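Let me begin by presenting the structure, written as structure tokens, before commenting on it.
There are 2 protein chains.
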Amino acid sequence: MAIAKFDRYVDRHAASFVERLQALCRMPSVAARGTGMRAVAEQVEQMMQRVGAGTRAFRLGSGFPIVYGEFGAGHHCFVVYGHYDVQPVGQLTEWAVGPFAASVLDGKLYARGAANSKGDLVARLAAVEAYQKTFGKLPFCLRFIIEGEDGLGSPSLYRFTSEHADMLRADGCIWDDGYRDTKERLVISLGFKGISFVELRAYGANTDLHSKWGGIVPNPAWRLVQALATIVSPKGVITIDGFNTHVAPVEEADAKMLKQIEVDEAGLKRQFKIGGWVRNMSGRTLTKELIFGPTCTICGIHTGHTEAGAKTVLPGMARARLDFRLVPDLSPELIIKLLRAHLDAREFHDIEIIEIASAPFAKSSSTSTVARAAVETAAEIYGEPPVVYPLDPASGPVGAVCGVNLPPTPVVSFGIAYAGSNPHGPNENIRISDFIQGIKYFGRVIDRLAHISRDDFKERNTIEALLPITR
Amino acid sequence: MAIAKFDRYVDRHAASFVERLQALCRMPSVAARGTGMRAVAEQVEQMMQRVGAGTRAFRLGSGFPIVYGEFGAGHHCFVVYGHYDVQPVGQLTEWAVGPFAASVLDGKLYARGAANSKGDLVARLAAVEAYQKTFGKLPFCLRFIIEGEDGLGSPSLYRFTSEHADMLRADGCIWDDGYRDTKERLVISLGFKGISFVELRAYGANTDLHSKWGGIVPNPAWRLVQALATIVSPKGVITIDGFNTHVAPVEEADAKMLKQIEVDEAGLKRQFKIGGWVRNMSGRTLTKELIFGPTCTICGIHTGHTEAGAKTVLPGMARARLDFRLVPDLSPELIIKLLRAHLDAREFHDIEIIEIASAPFAKSSSTSTVARAAVETAAEIYGEPPVVYPLDPASGPVGAVCGVNLPPTPVVSFGIAYAGSNPHGPNENIRISDFIQGIKYFGRVIDRLAHISRDDFKERNTIEALLPITR
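Heads up: the sequence lines are chains Y and S, in that order. Each residue of the first sequence is one higher than the one before, starting from 1 at the first, in our numbering. Each residue of the second sequence is one higher than the one before, starting from 1001 at the first, in our numbering.
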């Protein structure tokens, strides 16, 4: 059987694939810091070229490069999204190993970015390599779009998609977000929540003052706290005027999918070390809230002095960052409008709203070519059918990539992380075995798309490769 | 006239006094950081010895030394309180000059600690020097108690006062907190508000999580915001259950003093760059609130991520620091009790209260020897009578020093700062002219105490000097 030959190639080269990933993880590429980003982009481009891609790097203004790589040619085309930037490392003291040492301990590779999502990028390129070595050239066009600003709200990607829409015409898009849950089931998503990420600011005196003035000088920290307290109730319900009327009821097909999803409550509680969920939810209610509930999260507050030493000041400024995860039919524009009106109605005209990043929700069908290829081949590798999320609780610039086509390109998302990967926290890690399985799984997805490409789409026009393919 | 001789000495040595202050300000002594504290304590001890004090340094446990210096001998005794530690510098980027360069620009000396309160210490020792050179030995006992933990809640001082109460027996105490207001009037205080400085903490997951969990995982930042919002109303009124019933009505004598005090509303608004006061107060109401109103100030909040880069996390912990400035009859113990009960009554059992520092209020009479010496000599230097505050809006370990005696030692407080000194913020500075005037003023206070000592107290027993005086 041909796929066995593919698997043997992967097994034989497993050590070398891991080394490639380690090399990439050792290049710090924290978008928020912005150093060394070009070097990583060049490394990604070279990795693609080595596997035989035609490549091009797009530099849009002062942004970090978008690396484009194209494999194969044929009747139709699929886009693979990824990013080479990583999240800030946070408190170094919370890391057991250096975040850029890419140490392998107990079968796990620890590195900022290993799970989110350099591991996926390296695994997917490894799968393309193994596929080509085993079966030859891809009978369809596979386009990798790898950006460097995932952690910054993807400004360059948005510009790229509007300037180079032709490169994004595709029959489907494969995203890089996914993991095996606490019960080791592969989680596949058919879309993502949108996001509106804002900063609220309140101003007082022109500088931090001695707190003896606390009784008479307006304190922006109290002002901000009072404003925030009107946005979410003590029970954790979003109380912005008119907000909930814009949340669409869950569609029937989605409700059916929800029934197949079981949140591993005990496992997650253990992992997060929490005693219970918001509003003591559980079971179906919890699952529905996780997937189809909009969120409003305080991601950070900073004001005054909280470091060592008893410094009693009256702060001159206070700021809070909030992110809203958006379900149908909430849009980032609507959030800003509702929030402003809500604050104004309570005489919080002075609270400034600054938009940091946003993305619309993206939701697609379970019957698309990419969705079926991903869902129907998963059991071969993971031993049981995947858990299919109609909407992923996370967000991304999916709308930018898929929304250039009308109707939007269908999207499917999965990845090589696991429940303990902690992709935004300390000690981010992946399991080597998941990484290798991820290569084999992506090979099967490619193989399925190749068959579909040969069989189902014969009558369609060929989509020409955009770049000369040099092998 | 003898005092003219004193002034000439001060003027002749003015440059050298400024240099002494610069040398002291160049030694960083941020108690919160804790480095170099012993060196500064030794420097202070040497400065006292050079002026002829008998000295001793007390090291209590692992605390920073308390430097004790004794001048003169006679029928009675006065204590001078000061501290050699300074506040943290805060954001270095907000400083126009190095906080420990002690640069003199435009007649102002810029340094962390120049106003609070190394300038007072050096000025007072300079006055003692000039007085001794002009008039000879002090006819009373003057005891300097200089601690190094003002910024830490004075733990060593509290221990010192209980172990060495004999060193604090005195007819009066001169504190080091005071300034010239925006209208250049000297502000003298007859006591201080108490303080209760606490940290409130809320806990969620064991680490910061990806904010996609925002809908179902409890967010300690929301929890803290909701709890805080119950403590102070949007109008800025403290709403802790039972709190206001413990605020004593203003006494008649104090009400009379209040009428003499005029807060320079326009000047302070300009200085702080604010449009108005809390609850749009003004005039008498504002003055009363500043001096006899209790406060609850958010001094700082920290949770999650607010630095550069759009890091969307669900925080694992949130903390806020609050300070309460306490007027009669609020005590730190009462605050903790009321706050705990208030939070529990609203099901905020999970919000942890950590006591950081505390001090009781201290309030004394306007007819005490030290108060009269300070108030009645001020016009000679400052051209007009001082503004006398029955209670200073700031706080300090006054109770520790004055409360060892029963009845408590009367206290009076003044200093060499001015309205633009910004003692807890960036660019802390004093005017050289204020520093020199402060020396001359302190000389007059000493002179008045010397006369009172000779005239009024002849029949009293001599208080023996505790340390051998070596000149």
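The beta carbon of each residue, even a glycine, is placed where N, CA and C say it ideally should be. For clarity, every value in this text was computed on a predicted model and none was experimentally measured.
Span separating the alpha-carbon of residue i from that of residue j
i: Y/Pro65; j: Y/Ile356; result: 20 Å
i: S/Val1067; j: S/Glu1042; result: 8 Å
i: Y/Val388; j: S/Val1217; result: 21 Å
i: S/Leu1190; j: S/Ala1248; result: 17 Å
i: Y/Val40; j: Y/Gln87; result: 14 Å
i: Y/Val18; j: Y/Ile432; result: 8 Å
i: S/Leu1209; j: S/Val1250; result: 51 Å
i: Y/Val187; j: Y/Gly438; result: 12 Å
i: Y/Glu45; j: S/Thr1207; result: 35 Å
i: S/Val1089; j: S/Ile1145; result: 24 Å
i: Y/Ser453; j: Y/Ala371; result: 14 Å
i: Y/Gly63; j: Y/Ile436; result: 33 Å
i: Y/Lys166; j: Y/Val404; result: Checking the sequence, you will find Asp at residue 166 of chain Y rather than Lys. C-alpha separation (whole angstroms): 9 Å.
i: S/Glu1163; j: S/Ile1353; result: 29 Å
i: S/Ile1003; j: S/Ala1014; result: 16 Å
i: Y/Gln29; j: Y/Ser421; result: First, the residue type needs correcting, since residue 29 of chain Y is Ser and not Gln in the sequence shown. Rounded to the nearest angstrom, the two C-alpha atoms are 18 Å apart.
i: S/Lys1458; j: S/Gln1132; result: Note on S/Lys1458: pLDDT 45, under 50, position unreliable in the model; the coordinate value appears next. If I take the Cα positions, the gap works out to 21 Å.
i: S/Gly1443; j: Y/Val313; result: 33 Å
i: Y/Met37; j: Y/Met27; result: 9 Å
i: Y/Val80; j: Y/Lys5; result: 24 Å
i: S/Pro1423; j: S/Gly1214; result: 41 Å
Terminal residues of the alpha helix (DSSP H) in which residue i lies
i: S/Ser1162; result: Pro1155 to Glu1163
i: Y/Glu199; result: Note, Y/Glu199: premise wrong, no alpha helix (DSSP H); beta strand (DSSP E) at Gly194 to Tyr203.
i: S/Ala1041; result: Met1037 to Arg1050
i: Y/Phe6; result: Ala2 to Arg12
i: S/Val1398; result: Val1398 to Cys1402
Closest residue to residue i among the options (Cα-Cα distance)
i: S/Met1047; options: S/Ser1062, S/Leu1021, S/Arg1169 and S/Pro1028; result: S/Leu1021
i: S/Asp1241; options: S/Pro1360, S/Arg1346 and S/Gly1283; result: S/Arg1346
i: S/Ser1117; options: S/His1451, S/Phe1078 and S/Asn1429; result: S/Asn1429
i: S/Gly1175; options: S/Leu1391, S/Asn1280, S/Arg1448 and S/Ala1419; result: Gly is not the amino acid found at residue 1175 of chain S; the sequence shown has Trp there. Of the listed residues, the one whose Cα sits closest to S/Trp1175 is S/Leu1391.
i: S/Leu1109; options: S/Ala1130, S/Ala1031 and S/Cys1025; result: S/Cys1025
i: S/Leu1330; options: S/Gly1151, S/Leu1138, S/Gly1293 and S/Val1445; result: S/Gly1293
i: Y/Ile195; options: Y/Pro332, Y/Arg124 and Y/Asp7; result: Y/Pro332
i: S/Ala1126; options: S/Ala1053, S/Asp1181, S/Gly1178 and S/Glu1352; result: S/Ala1053
i: S/Lys1256; options: S/Arg1284, S/Met1317, S/Thr1182 and S/Val1079; result: S/Arg1284
i: Y/Asp434; options: Y/Asn427, Y/Phe414 and Y/Gly425; result: Y/Phe414
i: Y/Leu268; options: Y/Gly34, Y/Asp181 and Y/Arg159; result: Y/Asp181
i: Y/Ser233; options: S/Leu1224, S/Gly1236, S/Val1237 and S/Lys1235; result: S/Leu1224
i: S/Arg1185; options: S/Asp1350, S/Ile1416, S/Leu1121 and S/Leu1322; result: S/Ile1416
i: Y/Thr134; options: Y/Leu338, Y/Ser366 and Y/Val10; result: Y/Val10
i: S/Tyr1418; options: S/Arg1143, S/Ala1023, S/Asp1120 and S/Pro1397; result: S/Asp1120
First through last residue of the beta strand (DSSP E) which encompasses residue i
i: Y/Gly300; result: Thr295 to Gly304
i: Y/Met317; result: Met317 to Leu326
i: S/Thr1287; result: Counting along the chain, S/Thr1287 falls outside any beta strand (DSSP E), though it belongs to the alpha helix (DSSP H) covering Gly1283 to Phe1292.
i: S/Lys1108; result: Lys1108 to Tyr1110
i: S/Glu1352; result: Glu1352 to Ala1359
i: S/Tyr1068; result: Ile1066 to Phe1071
i: S/Trp1175; result: Gly1172 to Trp1175
Presumed contact (8 Å Cβ cut-off) between residue i and residue j, rounded CB distance
i: S/Thr1369; j: S/Gly1082; result: Rounded, the Cβ-Cβ distance is 20 Å, inconsistent with contact.
i: S/Ala1359; j: S/Gly1399; result: 6 Å
i: Y/Val263; j: Y/Leu286; result: 6 Å
i: S/Ala1379; j: S/Pro1385; result: 5 Å
i: S/Cys1077; j: S/Ala1170; result: 5 Å
i: Y/Val411; j: Y/Phe361; result: The pair is not a contact, with the Cβ atoms about 11 Å apart (cut-off 8 Å).
i: S/Thr1161; j: S/Val1401; result: 6 Å
i: S/Thr1295; j: S/Ala1221; result: That belief does not hold up - the Cβ atoms of S/Thr1295 and S/Ala1221 are roughly 24 Å apart, past 8 Å.
Neighbour flag for residue i against chain A, beta carbons, 8 Å
i: S/Thr1182; result: Protein chains Y and S are contained in the structure displayed, whereas chain A is not.
Please name the residues in the segment 233–256 of chain Y whose beta-carbon is closer than 9 Å to at least one beta-carbon of chain S, in chain order. Within the segment 233–256 of chain Y, contact with chain S at the beta-carbon level (separation under 9 Å) is assigned to Ser233, Pro234 and Gly236.
Compile a chain-ordered list of the residues in the segment 298–310 of chain Y whose CB is closer than 8 Å to at least one CB of chain S. Per Cβ criterion, the list reads Ile298, Cys299, Gly300, Ile301, His302, Thr303, Gly304, His305, Thr306, Glu307, Ala308, Gly309 and Ala310.
Contacting positions in the segment 1009–1039 of chain S - beta carbon closer than 7 Å to chain Y: Of all residues in the segment 1009–1039 of chain S, those with a C-beta nearer than 7 Å to a C-beta of chain Y are Ala1031 and Ala1032, reading in chain order.
If the cut-off is 7 Å on Cβ atoms, which residues from the segment 1262–1291 of chain S count as contacting chain Y, listed in chain order? Hits within the stretch, in order: Phe1272, Lys1273, Ile1274, Trp1277, Val1278, Met1281, Leu1286, Glu1289 and Leu1290.
Can you pull out the residues from the segment 1080–1098 of chain S whose beta carbon lies closer than 8 Å to at least one beta carbon of chain Y? Flagged, chain order: Gln1087, Pro1088, Gly1090 and Glu1094.
Taking a cut of 9 Å between CB atoms, which residues from the segment 205–218 of chain Y lie near chain S? Listed in sequence order: Ala205, Asn206, Thr207, Asp208, Leu209, His210, Ser211, Lys212, Trp213, Gly214, Gly215, Ile216, Val217 and Pro218.
According to a CB-to-CB cut-off of less than 8 Å, which residues of the segment 1422–1435 of chain S neighbour chain Y? Residues of the segment 1422–1435 of chain S that bring their beta carbon within less than 8 Å of a beta carbon in chain Y comprise Asn1422, Pro1423, His1424, Gly1425 and Pro1426, in sequence order.
By the 7 Å beta-carbon criterion, what residues does the segment 1319–1332 of chain S contribute toward chain Y? The residues in question are Arg1319, Arg1321, Asp1323 and Arg1325.
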